[in-house]
Each structure stands twice: as C-alpha cells, then as structure tokens.
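Q: The structure under discussion is supplied below as structure tokens; questions concerning it will follow.
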Amino acid sequence: MLRSLLRRWYIVVLGAILTAAGVYGAYTVTPVTYSATSTVVLLPPEKSVKDGDNPYLYLGGLGQALNVLVITMNSAASQEEVIGSNPDQSFTLEQDATSTGPIIQISVAAPTDSQAITLVEKVTSQVPITLNALQDELKVPADAKIGTMTLAQTHEAETENKRQLQLMAVAAGGGSVATVLFVAALDKFLAKRKPKNKRRKSDDKHDGNGSAEPNQSLPDVAARLEPTEARLTVQPVRFANGT
Numbered sequence: 001m002l003r004s005l006l007r008r009w010y011i012v013v014l015g016a017i018l019t020a021a022g023v024y025g026a027y028t029v030t031p032v033t034y035s036a037t038s039t040v041v042l043l044p045p046e047k048s049v050k051d052g053d054n055p056y057l058y059l060g061g062l063g064q065a066l067n068v069l070v071i072t073m074n075s076a077a078s079q080e081e082v083i084g085s086n087p088d089q090s091f092t093l094e095q096d097a098t099s100t101g102p103i104i105q106i107s108v109a110a111p112t113d114s115q116a117i118t119l120v121e122k123v124t125s126q127v128p129i130t131l132n133a134l135q136d137e138l139k140v141p142a143d144a145k146i147g148t149m150t151l152a153q154t155h156e157a158e159t160e161n162k163r164q165l166q167l168m169a170v171a172a173g174g175g176s177v178a179t180v181l182f183v184a185a186l187d188k189f190l191a192k193r194k195p196k197n198k199r200r201k202s203d204d205k206h207d208g209n210g211s212a213e214p215n216q217s218l219p220d221v222a223a224r225l226e227p228t229e230a231r232l233t234v235q236p237v238r239f240a241n242g243t
C-alpha cells in the first residue's frame with residue numbers, strides 16, 4: 001500500500017489539503033466554551049441543633065431535601081428563569097460525588113469567560129432563594145427552615161474544548177482514511193483495465209483493420225485446400241499353382 005501511495009503522490013497531496021481544510025472547518029464551526037463551578041452545602045434548621053453543638057454533626061438527614069432542590073433547579077422552568085433566552089448558556093446541579101453529605105455541585109457553561117463567571121454567581125445565589133420558596137410552600141416555620149452556605153466558587157472560568165478536539169480528530173481521521181481508500185480503489189480500477197488494453201492492442205496488431213492477414217497469398221490458401229492424395233500399396237497376388 002505504501003508503494004501505491006508513493007506512486008499516486010499527487011492524490012495524497014490533494015487528500016492532505018482537503019483533510020486540512022476539514023480539520024480547520026471543525027475548528028471554526030465548533031466554538032470553545034467556558035465552564036465555572038461552585039459548591040453549596042445545606043445546613044440543618046436552627047431548632048434541630050442543640051445549643052453549643054456543631055451544626056455539621058446534623059447534616060445526615062438533609063439528603064431528601066437536597067434531592068428535591070436539585071430536581072427543582074434543573075427543571076426547565078428554573079433554567080428559563082435563570083438563563084432566559086440564552087441557548088449558549090447552561091447549568092446543572094448534582095450532589096457532590098466525592099462526599100456523602102448534602103453538598104451540591106454547580107456547573108455552568110457559557111461562550112465567554114465573563115459570562116461563565118456571571119452565570120455561576122447567579123445560579124449560586126438562586127439556590128437559597130429556591131430552597132426558601134420550596135419551604136414557604138409548605139409553611140415551614142423560620143426556625144425550622146434548612147439553610148445553605150457557599151463552600152467554594154471559581155473566579156476564573158476554564159476552557160472546555162473537548163468537543164472541538166473530538167471533531168477535529170474525526171475530520172483528520174476521516175480524511176486520511178478516505179485518501180487511502182481512494183488510492184486503493186484507483187489502483188484496483190487501473191489494474192483491471194491494463195489486461196483489456198493489452199489484448200486490444202494485440203488483436204489490432206494481428207488483425208489490422210479486421211481483414212485477412214496481408215502476407216497470406218492465394219496459392220498458399222489453395223494448397224491448404226487441396227485434398228491429400230491417397231497412397232495405395234498393391235500387394236502381389238499368389239495363386240495355388242505358383243503363378
């Protein structure tokens with residue numbers, strides 16, 4: 001296959017140019033996104049914590065409240081309320097996988113660094129508002145309400161170009177494979193045509209314009225058509241008297 005690629009180097013060069021164009025197209029079409037995160041912990045109600053005790057010792061029973069809050073914040077209504085008409089922005093809430101406590105991990109994505117930071121701040125501030133609204137619907141007393149506290153929040157967004165790199169890799173791989181397959185198909189096609197061309201040239205050389213061979217003379221043809229004379233051997237006949 002390497003010899004075929006070297007022999008059809010001009011096709012390989014053309015394929016490389018088209019592949020490079022495809023990679024550049026994937027790079028320009030797929031924009032880079034920016035992500036930011038924050039972490040929020042749920043705090044137990046004031047009335048459930050004994051005087052002088054550590055509130056962090058009472059985090060065990062807040063898992064169900066966390067699930068309700070996460071589902072509410074991830075709903076389409078909450079997404080529209082926070083993001084509005086910005087399809088390029090998104091956010092998700094989920095329980096922190098590295099902890100068993102009621103800790104929420106907030107992740108946002110936006111087209112620019114500043115938009116990502118603004119969005120993560122907005123979502124983080126919306127968490128206690130939504131939690132308080134949920135408890136107000138149930139008419140929970142103030143001293144029995146669950147609270148929140150922000151543990152960490154990024155102030156510089158990170159670049160997310162994983163999808164861009166994936167599309168560029170697909171374009172590069174697809175272009176390379178297509179070039180190799182095209183060269184192989186072209187070689188196979190030309191190899192099938194060579195025997196036909198050789199037979200056609202050989203027939204033209206012997207048959208000329210389709211007439212009889214020019215060097216063949218009429219006497220030679222007549223000689224081949226004459227019947228071969230039969231040769232008879234006469235044996236002498238001997239009679240009984242010896243004559």
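Be aware that the sequence shown starts at 1, since it is given in the working numbering, and climbs by one per residue.
Every residue gets a Cβ at the ideal spot worked out from N, C-alpha and C, and that includes glycine.
Keep in mind that this is a model prediction, so the values were computed, not measured.
Where do the N-terminal and C-terminal ends of the beta strand (DSSP E) with Val40 fall, by residue?
A: It spans 33-43 - the beta strand (DSSP E) in which Val40 sits, taken as one unbroken run.
Q: If we require 4 or more residues per run, which alpha helix (DSSP H) segments fall completely within the region 59-109?
A: Segments of the alpha helix (DSSP H) lying fully in the region 59-109: 63-74, 76-83.
Q: Asn132 to Val140, Cα distance in whole Å?
A: Rounded to the nearest angstrom, the two C-alpha atoms are 9 Å apart.
Q: When you compare only the Cα positions, how much space is there between Thr19 and Leu190?
A: Each residue's alpha carbon lies about 25 Å from the other.
Q: Pro102: buried (16+ other C-beta within 10 angstroms of its C-beta) or exposed?
A: Answer is buried; the Cβ neighbour count reaches 16.
Q: Would you kindly work out how many angstroms separate the C-alpha atoms of Val49 and Val108, rounded to a whole number?
A: Those two C-alpha atoms are separated by around 33 Å.
Q: Kindly indicate which residue of Gly173, Ser176, Leu167 has the alpha-carbon position closest to the one of Tyr27.
A: Per the Cα distances, Leu167.
Q: Buried or exposed: which applies to Met73, given that a residue is buried once 16 or more other Cβ atoms fall within 10 Å of its Cβ?
A: The residue in question, Met73, is buried, as its Cβ has 16 or more Cβ neighbours within 10 Å.
Q: List the residues that DSSP assigns as beta-bridge partners of Gly25.
A: Answer by DSSP bridge pairing: none, since Gly25 is not bridged.
Q: CA-CA distance, Gly25 and Lys162?
A: Approximately 16 Å, taken between the alpha carbons.
Q: Terminal residues of the continuous beta strand (DSSP E) containing Ala152?
A: 147-153 is the extent of the beta strand (DSSP E) around Ala152.
Q: If you check the beta carbons only, do Ile146 and Leu59 fall under 8 Å apart?
A: Not in contact: Ile146 and Leu59 (Cβ atoms no closer than 8 Å).
Q: Quick check on Gln89: buried or exposed, where buried means 16 or more other Cβ atoms within 10 Å of its Cβ?
A: Its Cβ being crowded by 16 or more others within 10 Å, Gln89 is buried.
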